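Engineer: The following block contains the structure, expressed as structure tokens.
2 protein chains.
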Amino acid sequence: MHYGHGDDSYRYAKKIVANHSTNIWPKGPSNSLITHLQYKLAGIGSYPECYSESLMDKLAVQQGVDVSSVGVFNGIAEAIYLIAQTYRSRKSLIVCPTFSEYEEATLKFDHHISYVHEHEGVEEAIEDNELVWLCNPNNPTGKIYAKEILIDWIQRFPNVLFVIDEAYMELIKNSESLVSEVSNYNNLIVMQSLTKNFAIPGLRLGVVYASPQKLASLHDFRPPWSVNSLAIEAGKYLIDYPPYNHETLKEYLRLSLELQNDLSKLNGVRVYNTHTGFFLLETPIRSGELKDILVEKYGILVRDASNFRGLGEYHIRVASIGFEQNKKLTVALKEIIDYYE
Amino acid sequence: MHYGHGDDSYRYAKKIVANHSTNIWPKGPSNSLITHLQYKLAGIGSYPECYSESLMDKLAVQQGVDVSSVGVFNGIAEAIYLIAQTYRSRKSLIVCPTFSEYEEATLKFDHHISYVHEHEGVEEAIEDNELVWLCNPNNPTGKIYAKEILIDWIQRFPNVLFVIDEAYMELIKNSESLVSEVSNYNNLIVMQSLTKNFAIPGLRLGVVYASPQKLASLHDFRPPWSVNSLAIEAGKYLIDYPPYNHETLKEYLRLSLELQNDLSKLNGVRVYNTHTGFFLLETPIRSGELKDILVEKYGILVRDASNFRGLGEYHIRVASIGFEQNKKLTVALKEIIDYYE
Chain P
1 MHYGHGDDSY
11 RYAKKIVANH
21 STNIWPKGPS
31 NSLITHLQYK
41 LAGIGSYPEC
51 YSESLMDKLA
61 VQQGVDVSSV
71 GVFNGIAEAI
81 YLIAQTYRSR
91 KSLIVCPTFS
101 EYEEATLKFD
111 HHISYVHEHE
121 GVEEAIEDNE
131 LVWLCNPNNP
141 TGKIYAKEIL
151 IDWIQRFPNV
161 LFVIDEAYME
171 LIKNSESLVS
181 EVSNYNNLIV
191 MQSLTKNFAI
201 PGLRLGVVYA
211 SPQKLASLHD
221 FRPPWSVNSL
231 AIEAGKYLID
241 YPPYNHETLK
251 EYLRLSLELQ
261 NDLSKLNGVR
271 VYNTHTGFFL
281 LETPIRSGEL
291 KDILVEKYGI
301 LVRDASNFRG
311 LGEYHIRVAS
321 IGFEQNKKLT
331 VALKEIIDYY
341 E
Chain D
1 MHYGHGDDSY
11 RYAKKIVANH
21 STNIWPKGPS
31 NSLITHLQYK
41 LAGIGSYPEC
51 YSESLMDKLA
61 VQQGVDVSSV
71 GVFNGIAEAI
81 YLIAQTYRSR
91 KSLIVCPTFS
101 EYEEATLKFD
111 HHISYVHEHE
121 GVEEAIEDNE
131 LVWLCNPNNP
141 TGKIYAKEIL
151 IDWIQRFPNV
161 LFVIDEAYME
171 LIKNSESLVS
181 EVSNYNNLIV
191 MQSLTKNFAI
201 PGLRLGVVYA
211 SPQKLASLHD
221 FRPPWSVNSL
231 AIEAGKYLID
241 YPPYNHETLK
251 EYLRLSLELQ
261 NDLSKLNGVR
271 VYNTHTGFFL
281 LETPIRSGEL
291 KDILVEKYGI
301 LVRDASNFRG
311 LGEYHIRVAS
321 IGFEQNKKLT
331 VALKEIIDYY
341 E
């Protein structure tokens, strides 16, 4: 059930030369991080801190929240499962299309799930539910919810728990993060995945910001030492030395807009424009087939998005990863579409 | 609740020069492993395999079992919690004193727990229960259960699920492992912690061997990607290049017997003899106080064992870690005991 995500190059014998299939920071882990971790490798001979306490401290300072409102987890996936488990059998609303793990986790813990499309009456759907799962910016659509809209909902529906996944929040221009609000609202849980913006998905690192009471509930079901020592070291290092700055982030988003523009000119292609580094498109070719051709003929990997609830069999998700690679993706897609016409 | 384990040097300002507090392979991760992982660090920019498939394959070959009987987890702790969760609200028997996480996990998932001391009528206690949690060799006592005794119980109580933790099995002279038996008995789950014998607790790596049906149940509640990519790489490497061989293991166990012998000669000290690299002792000094003195005066860390259910406030657990360090531990304990007399 957990297959069918992006970054699945292991499924192909062909060497992947350009990976547009994930929506993490595209430059990969920095050389200085790798060097830092080389020195920290000797530490794997000791147990990690039980709850990543030293990283919690640093995150609290960085975000300006009390450390009792910070929890560090083995990737956002662990946090999603713990939230679904803590509130088992509740009524959950999932705003879709979106990351499939909200559905996977709530299904496992017997939630009564309903779905609402991000463009069709989300506000009306909230009232009947006990939890709302919402990704901001959303994956795969790139839709960004303004902070004031979410705060309005959080205030007007105090009995609904809002689980806001901000995995991609650091990678947009003007943050609409709700982290600073967790001390004001007891019905708010904010998740951030350090693996996306820090480009370290292999290490597994996710953070939850919530009221101390809410965090204590999540910890109730949590195995100790679930975050490994190198993930803790990487997190602490990257808070001080993030892999991007204002300028490189601006360039990243500019290239994404340029790619969206280039692809929208192709015959039969519909681009869903975003202000994120990744976006959806529909092409005239079934997405599974298109993905295979892109890999086999060009070594280019994209995300077949047809398995997102609410999307169809012609949707793919692509990430902008760099000027040259973006151009090659555009050329490849043009060639394939021309051939099929 | 998860504090009070060994390897807690972070609690002290004093530099620890000898760590006798954990029962992992005492030589630490090998230099060749560290070098190997330095090369693999670049891989943290990609997601790990969802379920550590490549490591599962290697373990299946190594252990001579079908790959469908192998599951790789984020340390044994994740496996213990998933087992407790899968069989929630059942009647669990814990053979103690033992690793406290069986109790922590079964408490969280509403098991009806009973306890039996490892020397007092375990067999009689099994019948009334649905799960039996047993660590072999046991931590902290070092007691080793013969394979034939366990198989006899497994056969005679087919409705009882035996959860056997073999975290330390690789570190004794003649393995009494039950891994090869998981295909014969559907009421058997065997756990092995690669972090103990491979000395990589910072990376988190545990393995469960069980019937495919049992493993599928555990996977039901499990977040994807819970094992990080470096743990997977380390596991694969260490299967081919284990950090010890027949000779070094023999020497490790010989030094432990020597340390047991030396300590048993001290005034008022009772050693619980074992054939493992770690063992329990009772001294005339309260264990918390003794531990603090050993750290502050000698930079030696031991495990205060007073918080193990079934042990008292004078128990400590020590691991044999090397000739010189063992001698220094003996001298230090002698000095402290002489001073207190």
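As given, the protein sequences belong to chains P and D, one line each in that order. Mapping the first sequence onto the working numbering, position 111 (from 1) lands on 111, and the numbers just tick up by one. Mapping the second sequence onto the working numbering, position 103 (from 1) lands on 103, and the numbers just tick up by one. Note that CB positions come from ideal geometry on N, CA and C, so glycine has one too. No experiment lies behind these values; they were computed from the predicted model shown.
What does residue 206 of chain D pair with, by DSSP beta-bridge criteria?
Structural biologist: Residue mapping note: residue 206 of chain D aligns to position 206 of the second sequence, counting from 1. According to DSSP, residue 206 of chain D bridges with D:73, D:193.
Engineer: At a Cβ cut of 7 Å, what residues of the region 203-235 of chain D count as close to chain P, listed as they run along the chain?
Structural biologist: 203, 204, 220, 221, 223, 224, 225, 226, 228, 229, 230, 231
Engineer: What separation, rounded to the nearest whole angstrom, lies between the Cα atoms of residue 98 of chain D and residue 203 of chain P?
Structural biologist: As a position in the second sequence, residue 98 of chain D is number 98, starting the count at 1. As a position in the first sequence, residue 203 of chain P is number 203, starting the count at 1. Taking the straight line from one Cα to the other gives about 31 Å.
Engineer: DSSP state of residue 1 of chain P, grouped into three classes?
Structural biologist: Position 1 of the first sequence, counting from 1, holds the residue named residue 1 of chain P. Because residue 1 of chain P carries a pLDDT of 43, less than 50, the predicted location of this residue cannot be relied on, and the following value inherits that uncertainty. Reduced to three states, the DSSP call for residue 1 of chain P is coil.
Engineer: Tell me the rounded alpha-carbon separation between residue 309 of chain P and residue 301 of chain P.
Structural biologist: By 1-based counting over the first sequence, the position of residue 309 of chain P is 309. By 1-based counting over the first sequence, the position of residue 301 of chain P is 301. Straight across, the Cα-Cα distance linking residue 309 of chain P with residue 301 of chain P is about 21 Å.
Engineer: Under a CB-based cut-off of 8 Å, is residue 18 of chain P close to chain D?
Structural biologist: What you label residue 18 of chain P is simply residue 18 of the first sequence in a count that begins at 1. Residue 18 of chain P does not count as touching chain D.
Engineer: I'd like to know whether the C-beta atoms of residue 200 of chain P and residue 167 of chain P end up nearer to each other than 8 Å.
Structural biologist: The residue you call residue 200 of chain P lines up with position 200 of the first sequence. The residue you call residue 167 of chain P lines up with position 167 of the first sequence. Between residue 200 of chain P and residue 167 of chain P, the C-beta spacing is not below 8 Å.
Engineer: Count the C-beta pairs between the region 106-113 of chain D and the region 219-239 of chain D that are closer than 8 Å, then say yes if the count reaches three, no if not.
Structural biologist: Short answer: they don't touch.
Engineer: When the Cα of residue 165 of chain P is compared with those of P:154, P:127, P:209, which residue comes out closest?
Structural biologist: Position 165 of the first sequence, counting from 1, holds the residue named residue 165 of chain P. Distance from the Cα of residue 165 of chain P is smallest, within the candidate group P:154, P:127, P:209, for P:209.
Engineer: To the nearest angstrom, how far is the alpha carbon of residue 352 of chain P from that of residue 20 of chain D?
Structural biologist: Only positions 1 to 341 of chain P appear in this structure, which leaves residue 352 of chain P out of reach.
Engineer: Taking only runs that begin and end inside the region 223-282 of chain P, name each unbroken alpha helix (DSSP H) of 4 or more residues, in chain order.
Structural biologist: 229-240, 246-264
Engineer: My output table needs one value for residue 91 of chain D: the three-state DSSP class, helix, strand or coil.
Structural biologist: On the second sequence, residue 91 of chain D is found 91 positions in, with the first residue counted as 1. Looking at residue 91 of chain D - three-state DSSP - the assignment turns out to be strand.
Engineer: Taking C-beta pairs closer than 9 Å, name the residues in chain D that residue 277 of chain P reaches, listed in chain order.
Structural biologist: In the first sequence, the residue the question calls residue 277 of chain P occupies position 277. Ordered by position in chain D, no residue passes the 9 Å Cβ test against residue 277 of chain P, which lies about 15 Å from the chain.
Engineer: Got a sec? Which residues, its chain only, sit under 6 Å from residue 180 of chain D by beta carbon, not counting five neighbours each side?
Structural biologist: Indexing the second sequence from 1 puts residue 180 of chain D at position 180. Excluding positions up to five away in sequence, the list is empty.
Engineer: With a threshold of 8 Å on Cβ separation, who are the neighbours of residue 249 of chain D within its own chain once the five nearest residues in sequence on each side are excluded?
Structural biologist: Translated into the one-based positions of the second sequence, residue 249 of chain D becomes position 249. 171, 173, listed in sequence order.
Engineer: Using beta-carbon positions only, say whether residue 245 of chain P and residue 260 of chain P come within less than 8 Å of one another.
Structural biologist: The residue you call residue 245 of chain P lines up with position 245 of the first sequence. The residue you call residue 260 of chain P lines up with position 260 of the first sequence. In this structure, residue 260 of chain P does not lie closer than 8 Å to residue 245 of chain P by Cβ.
Engineer: Is there contact here, the region 310-322 of chain P with the region 20-34 of chain P, by at least three beta-carbon pairs under 8 Å?
Structural biologist: yes
Engineer: Under the assumption that residue 326 of chain D contacts residue 266 of chain D (Cβ atoms under 8 Å), give the Cβ distance between them as a whole number of angstroms.
Structural biologist: Sequence index remark: in the second sequence, residue 326 of chain D carries index 326 (1-based). Sequence index remark: in the second sequence, residue 266 of chain D carries index 266 (1-based). In fact, because the Cβ distance is near 13 Å, the residues do not count as touching under 8 Å.
Engineer: Which residues mark the beginning and the end of the alpha helix (DSSP H) in which residue 57 of chain P is found?
Structural biologist: Residue numbering aside, residue 57 of chain P sits at position 57 when the first sequence is read from its first letter. Element bounds for residue 57 of chain P: 53-63.
Engineer: Answer yes or no: do residue 95 of chain P and residue 134 of chain P have a C-beta to C-beta separation smaller than 8 Å?
Structural biologist: Along the first sequence, one-based indexing puts residue 95 of chain P at 95. Along the first sequence, one-based indexing puts residue 134 of chain P at 134. In contact: residue 95 of chain P and residue 134 of chain P (Cβ atoms closer than 8 Å).
Engineer: Can you give me the C-alpha to C-alpha distance between residue 284 of chain D and residue 11 of chain D, rounded to a whole angstrom?
Structural biologist: The residue labelled residue 284 of chain D in the question sits at position 284 within the second sequence. The residue labelled residue 11 of chain D in the question sits at position 11 within the second sequence. Their backbone Cα atoms lie some 24 Å apart in a straight line.
Engineer: Can you tell me which of P:277, P:153, P:136 puts its alpha carbon nearest to the alpha carbon of residue 145 of chain P?
Structural biologist: Residue numbering aside, residue 145 of chain P sits at position 145 when the first sequence is read from its first letter. Of the listed residues, the one whose Cα sits closest to residue 145 of chain P is P:136.
Engineer: Flag residue 196 of chain P as yes if its beta-carbon sits less than 8 Å from any beta-carbon of chain D, otherwise no.
Structural biologist: In the first sequence, residue 196 of chain P corresponds to position 196, counting from 1. Not one chain D Cβ lies under 8 Å of residue 196 of chain P.
Engineer: Would residue 68 of chain P pass as a contact of residue 212 of chain P if the rule is Cβ separation under 8 Å?
Structural biologist: The residue given as residue 68 of chain P occupies position 68 in the first sequence. The residue given as residue 212 of chain P occupies position 212 in the first sequence. Cβ distance < 8 Å, so residue 68 of chain P and residue 212 of chain P count as in contact.
Engineer: Comparing alpha-carbon positions, which option in P:214, P:198, P:221, P:225 lies nearest residue 44 of chain D?
Structural biologist: Translated into positions along the second sequence, residue 44 of chain D becomes position 44. Considering only alpha carbons, the answer is P:198.
Engineer: Look at the Cβ atom of residue 86 of chain D, then the Cβ atom of residue 193 of chain D, and state whether they are nearer than 8 Å.
Structural biologist: In the second sequence, counting from the first residue as 1, residue 86 of chain D sits at position 86. In the second sequence, counting from the first residue as 1, residue 193 of chain D sits at position 193. Cβ distance not < 8 Å, so residue 86 of chain D and residue 193 of chain D don't count as in contact.
Engineer: Taking C-beta to C-beta, are residue 59 of chain D and residue 182 of chain D nearer than 8 Å?
Structural biologist: Locating residue 59 of chain D in the second sequence gives position 59, counting from the first residue. Locating residue 182 of chain D in the second sequence gives position 182, counting from the first residue. Result no, Cβ atoms of residue 59 of chain D and residue 182 of chain D do not sit closer than 8 Å.
Engineer: Under three-state DSSP, which class holds residue 19 of chain D?
Structural biologist: By one-based count along the second sequence, residue 19 of chain D stands at place 19. Strand at residue 19 of chain D.
Engineer: Does chain P have any CB closer than 8 Å to the CB of residue 154 of chain D?
Structural biologist: Mapped onto the second sequence, residue 154 of chain D falls at position 154. Not closer than 8 Å to any Cβ of chain P, the Cβ of residue 154 of chain D fails to qualify, so no.
Engineer: For chain P, is any of its Cβ atoms less than 8 Å away from the one on residue 108 of chain D?
Structural biologist: Within the second sequence, the letter at position 108 stands for residue 108 of chain D. Taking Cβ atoms only, chain P reaches closer than 8 Å to residue 108 of chain D, which makes this a yes.
Engineer: Show which residues of chain P have a CB atom less than 9 Å away from the CB atom of residue 49 of chain D.
Structural biologist: Position 49 of the second sequence, counted from the first residue, corresponds to residue 49 of chain D. What residue 49 of chain D touches in chain P: 10.
Engineer: Rounded to whole angstroms, how far is the Cβ of residue 36 of chain D from the Cβ of residue 237 of chain D, which I believe are closer than 8 Å?
Structural biologist: Start at 1 with the first residue of the second sequence, and residue 36 of chain D comes out as number 36. Start at 1 with the first residue of the second sequence, and residue 237 of chain D comes out as number 237. Contact holds; Cβ gap of about 5 Å.
Engineer: With burial defined as no fewer than 16 other Cβ atoms inside 10 Å of the residue's Cβ, what is the status of residue 156 of chain D: buried or exposed?
Structural biologist: To locate residue 156 of chain D, count along the second sequence from 1; it is residue 156. Exposed, by the Cβ-count rule.
Engineer: Span of the beta strand (DSSP E) holding residue 162 of chain P?
Structural biologist: As a first step, residue 162 of chain P must be located in the first sequence, where it is residue number 162. It spans 161-165 - the beta strand (DSSP E) in which residue 162 of chain P sits, taken as one unbroken run.
Engineer: Taking the straight line between their C-alpha atoms, what separation do you get for residue 258 of chain P and residue 17 of chain P?
Structural biologist: The residue labelled residue 258 of chain P in the question sits at position 258 within the first sequence. The residue labelled residue 17 of chain P in the question sits at position 17 within the first sequence. Cα to Cα, the separation comes out at about 21 Å.
Engineer: Find the nearest neighbour of residue 205 of chain P within the set D:225, D:269, D:38, judged by alpha-carbon distance.
Structural biologist: The residue you call residue 205 of chain P lines up with position 205 of the first sequence. For the residues D:225, D:269, D:38, the minimum Cα distance to residue 205 of chain P belongs to D:225.
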